[in-house]
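Undergrad:
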Amino acid sequence: MAQTKSAKNLRQMLADPEKIVVCPGVHDGLTARMALRVGFDALYMTGAGTAASRLGQADLGLTTVDDMATNAGMIAGLDRDVPVIADADTGFGGPLMVARTTEKYILQGVAAFHIEDQVTTKRCGHLMGKELVDTATYTARIKAAAAARERMGSDIVIIARTDALQSLGYDEAVSRLRAAVSAGADVAFLEGLRTKEQMAQVVRDLAPTPCFLNMVGGGVTPLVNADEARRLGYKIVIWPLVGMSSVYLAMREFCQELKTTGEIKERYTEDGRTDAGVRDVFELCGLTASSEFDKEMGGVSFAKGA
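Anchor point for the sequence shown: position 68 equals 84 in my numbering, and the numbering is continuous, going up by one each time.
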């Protein structure tokens, strides 16, 4: 039985009428570790961030299932209690490939994933010119995912995403999500919402199916905070650029400083310690916990400290 504690935890959160799940977007171990330290209930592995961090490429459908599943599994493995919701793009092919993708995500310990209705050569939902498959092809993807989940004895959460709003309009987008839910999806995700009125309407139109909201800085959807998203009726809200934007801004600043001055000035905490020094980073990544485990198990590699 491919059951995971994190998937069970996520389903409990979705069943809580007072709960909204707010997820920061993370793309690697370091950004995931920081989000875990802050104490988020769940994490979101961004496909765009995976493409940028693993390939150095834009979100244009260049990542493979192995790129995505391996990255998602690494993040999920950092804390098996904390659900990781992962982008699964289009499922990477027809029903057979979608089933294989689902199995890979289940075996990696992912709590939930979303599959969309773009063509295989997809692009970020907040870019223009997206091409879509027809509804039958889309629902076949969802059916394949649900069948693989059942075969694996898993409780992974399937999130149906549609990008139809941009080119086919609101009614068609909602129709596709309803079809996806009938095919086995647990959560509905209408990408590219353009007004708060649309944001509220889709929750009403798809009730009682839980709805998923994507908050992208510089994108087409108005940004709302967690309280407003809760009032609108959403159950899951992701901020996928948290990791990417923070790395972009900080890396730009530090590189400019090094290029201009030939050095990086140390930053200090309020109590005068060096901030973000090498030991801080290593501690975030489990230095003490790892060395203590080794000693508890009878190892001697860290007997003299680390």
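All residues carry an ideal CB built from backbone N, CA and C; glycine is no exception. Quick caveat: nothing in here was measured; it's all calculated off a predicted structure.
Use the C-beta contact count for PHE298: other C-beta atoms within 10 angstroms, 16 or more gives buried, fewer gives exposed.
TA: Looking at its Cβ environment, which holds fewer than 16 other Cβ atoms inside 10 Å, PHE298 is exposed.
Undergrad: For GLY314, count neighbouring Cβ atoms within 10 angstroms of its own Cβ and tell me buried if that reaches 16, exposed if not.
TA: Exposed.
Undergrad: On the DSSP bridge list, what partners appear for CYS227?
TA: According to DSSP, which records beta bridges pairwise, CYS227 is partnered with ALA204.
Undergrad: Within the same chain, show all residues whose beta-carbon is closer than 8 Å to that of THR216, passing over the 5 residues directly before and after it, in chain order.
TA: The identity of residue 216 in the sequence shown is Ala, whereas the question assumes Thr. So the qualifying residues of the chain are LEU248, GLY249.
Undergrad: May I have a chain-ordered list of the beta strand (DSSP E) segments no shorter than 3 residues that lie completely inside the region 38–112?
TA: Complete beta strand (DSSP E) runs here, min 3: 59–61, 100–103.
Undergrad: Output needed for MET17: all residues of its chain with C-beta closer than 7 Å, excluding positions within five of it in sequence on either side, in chain order.
TA: Unreliable positioning characterises MET17 in this predicted model, as indicated by a pLDDT of 47, which lies under 50. The coordinate reading is nonetheless provided below. Counting only Cβ-Cβ distances below 7 Å, and skipping sequence neighbours, we find GLY169.
Undergrad: I'd like the span of the alpha helix (DSSP H) that includes VAL258, first residue to last.
TA: 257–277 is the span of the alpha helix (DSSP H), which, as asked, contains VAL258.
Undergrad: Pick out the complete beta strand (DSSP E) segments inside the region 117–181, 3 residues or longer, and give them in chain order.
TA: Those beta strand (DSSP E) runs which fall completely within the region 117–181 and span 3+ residues are 128–131, 173–178.
Undergrad: Could you tell me whether the region 216–225 touches the region 177–197, where touching means 3 or more Cβ pairs closer than 8 Å?
TA: Yes, they touch.
Undergrad: For THR237, name the three-state secondary structure that DSSP assigns.
TA: It is coil, neither helix nor strand.
Undergrad: May I ask which residues mark the beginning and end of the alpha helix (DSSP H) holding LEU310?
TA: Contrary to the premise, residue 310 reads as Asp rather than Leu in this sequence. 303–312 is the span of the alpha helix (DSSP H), which, as asked, contains ASP310.
Undergrad: Report yes if the CB atom of GLY63 is closer than 8 Å to the CB atom of ASP75, and no otherwise.
TA: Going by C-beta atoms, GLY63 is nearer than 8 Å to ASP75.
Undergrad: If we ignore side chains and look at the alpha-carbon of each, how far apart do ALA160 and ALA195 end up?
TA: The alpha-carbon atoms of ALA160 and ALA195 are separated by roughly 14 Å.
Undergrad: Output yes or no for whether 8 Å exceeds the beta carbon distance between PRO256 and GLY41.
TA: In this structure, GLY41 lies closer than 8 Å to PRO256 by Cβ.
Undergrad: Tell me VAL297's beta-bridge partners as DSSP assigns them.
TA: Its beta-bridge partners do not exist; DSSP assigns none.
Undergrad: Please return the same chain residues whose Cβ sits closer than 6 Å to the Cβ of ARG157, not counting the five positions on each side in sequence.
TA: Taken in chain order, the residues that qualify are GLY107, VAL114, ILE131.
Undergrad: When the Cα atoms are used, what is the spatial distance from SER22 to ASP287?
TA: Distance between the alpha carbons of SER22 and ASP287: 37 Å.
Undergrad: Which term fits CYS271, buried or exposed, when burial requires 16 or more other beta carbons within 10 angstroms of its beta carbon?
TA: The residue is exposed, with fewer than 16 neighbouring Cβ atoms inside 10 Å.
Undergrad: Is the region 203–213 touching the region 228–235 in the sense that three or more CB pairs, one from each, lie closer than 8 Å?
TA: Enough Cβ pairs lie closer than 8 Å, so yes.
Undergrad: Give the straight-line distance between the Cα atoms of GLU244 and LYS212, rounded to the nearest whole angstrom.
TA: Distance between the alpha carbons of GLU244 and LYS212 is about 10 Å.
Undergrad: How close, in whole Å, do the beta carbons of VAL173 and ALA242 come, if the pair is a contact with beta carbons under 8 Å?
TA: Contact doesn't hold; Cβ gap of about 20 Å is too wide.
Undergrad: Taking 7 Å as the limit between beta carbons, can you name the residues of its chain near ASP179, skipping five residues before and five after?
TA: Closer than 7 Å at the Cβ level, and outside the excluded window around ASP179, lie GLU132, ASP133, GLN134, GLY141, LYS146, LEU148, GLU207, GLY208.
Undergrad: Work out the CA separation of LYS320 and GLY93 for me, nearest whole Å.
TA: Distance between the alpha carbons of GLY93 and LYS320 is about 28 Å.
Undergrad: Just to confirm the assignment, what range does the alpha helix (DSSP H) spanning LEU209 have?
TA: From DSSP, LEU209 is part of no alpha helix (DSSP H); its letter is neither H nor E.
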